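Residues are numbered in the working numbering as their position in the sequence shown, beginning at 1, plus a constant of 780.
See below for the structure under consideration.
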Amino acid sequence: MGERANLLRPAQAAFISGIAVRAVDRAIDEHVLPKGFYVLDGGRRLTPGACVMIAFYHAAADTFTPGLRKHIINRFEDRLRYVEFDHCEALARENWKLGEQYWSVDLAPFIALTAGGYERLREAEAAVARDEDVMSGAEVLRGTRVLVHDVAASAGDGEPIERIRDAYPSLTDRQIELAIIYATAHPQRGRPRGTALTTGTKHVERKVVQRKTAR
781 MGERANLLRP AQAAFISGIA VRAVDRAIDE HVLPKGFYVL DGGRRLTPGA
831 CVMIAFYHAA ADTFTPGLRK HIINRFEDRL RYVEFDHCEA LARENWKLGE
881 QYWSVDLAPF IALTAGGYER LREAEAAVAR DEDVMSGAEV LRGTRVLVHD
931 VAASAGDGEP IERIRDAYPS LTDRQIELAI IYATAHPQRG RPRGTALTTG
981 TKHVERKVVQ RKTAR
């Protein structure tokens with residue numbers, strides 16, 4: 781397919797779809813996604829429509845067989861091929877229902893779900909800055925010298941929000957949340973650093989599927 785500016789890395793697609801990165805990779809490796817919904821050259825990247833497909837495929841795992849889920853995805857292929865998240869609010873109001881003799885689905889909730897994830901990700905990305913003159917070009921929360929991945933690692937180590945807030949007193953709860961979102965969708969390469977906080981320590985601040993049952 782022609783190059784598109786809105787293609788998403790697997791970790792971004794996973795956050796938007798509300799699933800694990802490995803599930804995104806499986807969707808490519810196991811040919812769940814039709815051709816044209818992802819590219820491999822230069823690293824794996826996926827279209828917005830692929831996020832909708834993956835979200836549905838994962839949510840319907842306990843309801844439909846893999847073969848039926850792929851069949852449903854293929855039925856929606858043409859409509860999802862050029863989906864843009866900027867237009868998803870209007871798209872979600874369209875009729876996305878589809879059914880055959882023993883099953884029915886409505887894809888609109890999955891469009892709304894992924895569009896919401898996309899908006900949260902874009903907000904998080906806008907809250908992060910990178911400048912060679914600030915912390916050697918590492919990703920920091922905009923207007924601060926606080927390393928985004930350090931904040932997120934503290935949350936990943938199970939630190940309660942109160943401890944993280946005490947360690948980074950200049951940050952709001954929303955900034956902490958955005959740091960976690962950003963780091964989830966933009967993980968560091970290699971093994972992440974542990975940043976569990978000891979007591980008294982402060983950092984120096986620099987889903988909707990219906991099935992008809994056969995009888």
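Where is the CB? At the ideal position from N, CA and C, for every residue including glycine.
Values in this document were obtained by computation on a predicted structure and should not be read as measured data.
Limits of the unbroken alpha helix (DSSP H) element including residue i
i, result
"residue 761", "With the chain covering only 781 through 995, there is no way to say anything about residue 761."
"residue 942", "941-947"
"residue 829", "828-839"
"residue 958", "953-965"
"residue 817", "It is not in any alpha helix (DSSP H) - residue 817 carries neither H nor E in the DSSP assignment."
"residue 791", "790-797"
"residue 937", "Careful: residue 937 lies outside any alpha helix (DSSP H) and carries neither H nor E."
"residue 807", "801-809"
Residue i Cβ short of 8 Å to the ligand ATP heavy atom set
i, result
"residue 817", "The ligand ATP is not part of this structure, which contains no ligands at all."
Contacting residues, own chain, Cβ-Cβ under 6 Å from residue i (five flanking each side not counted)
i, result
"residue 892", "872"
"residue 793", "804, 826 and 831"
"residue 890", "832, 835 and 836"
"residue 929", "963 and 968"
"residue 965", "791, 792, 795 and 901"
"residue 806", "none"
"residue 863", "828 and 829"
"residue 942", "none"
"residue 824", "790"
"residue 971", "Low per-residue confidence applies at residue 971: pLDDT is 44, beneath 50, and the placement is therefore not dependable enough to give any value."
"residue 808", "818"
Beta carbon of residue i nearer than 9 Å to that of residue j
i, j, result
"residue 844", "residue 883", "yes"
"residue 958", "residue 926", "no"
"residue 961", "residue 904", "yes"
"residue 865", "residue 895", "yes"
"residue 934", "residue 947", "yes"
"residue 888", "residue 874", "yes"
"residue 849", "residue 801", "no"
"residue 816", "residue 861", "yes"
Assumed close pair residue i, residue j - CB separation to whole angstroms, cut-off 8 Å
i, j, result
"residue 901", "residue 831", "So it is not a contact: roughly 11 Å between Cβ atoms."
"residue 852", "residue 885", "6 Å"
"residue 909", "residue 932", "Not quite, the Cβ-Cβ distance comes to about 16 Å (not below 8 Å), so this is no contact."
"residue 854", "residue 814", "6 Å"
Close beta carbons around residue i, own chain, < 7 Å, minus the five adjacent residues each side
i, result
"residue 798", "835, 893 and 897"
"residue 922", "907, 908 and 909"
"residue 955", "907 and 921"
Sequence-distant residues of its chain with Cβ nearer than 8 Å to residue i (five each side left out)
i, result
"residue 912", "none"
"residue 953", "941 and 945"
3 or more residues per run - each beta strand (DSSP E) lying fully within the region 858-932: 877-880, 883-886, 908-911 and 914-921
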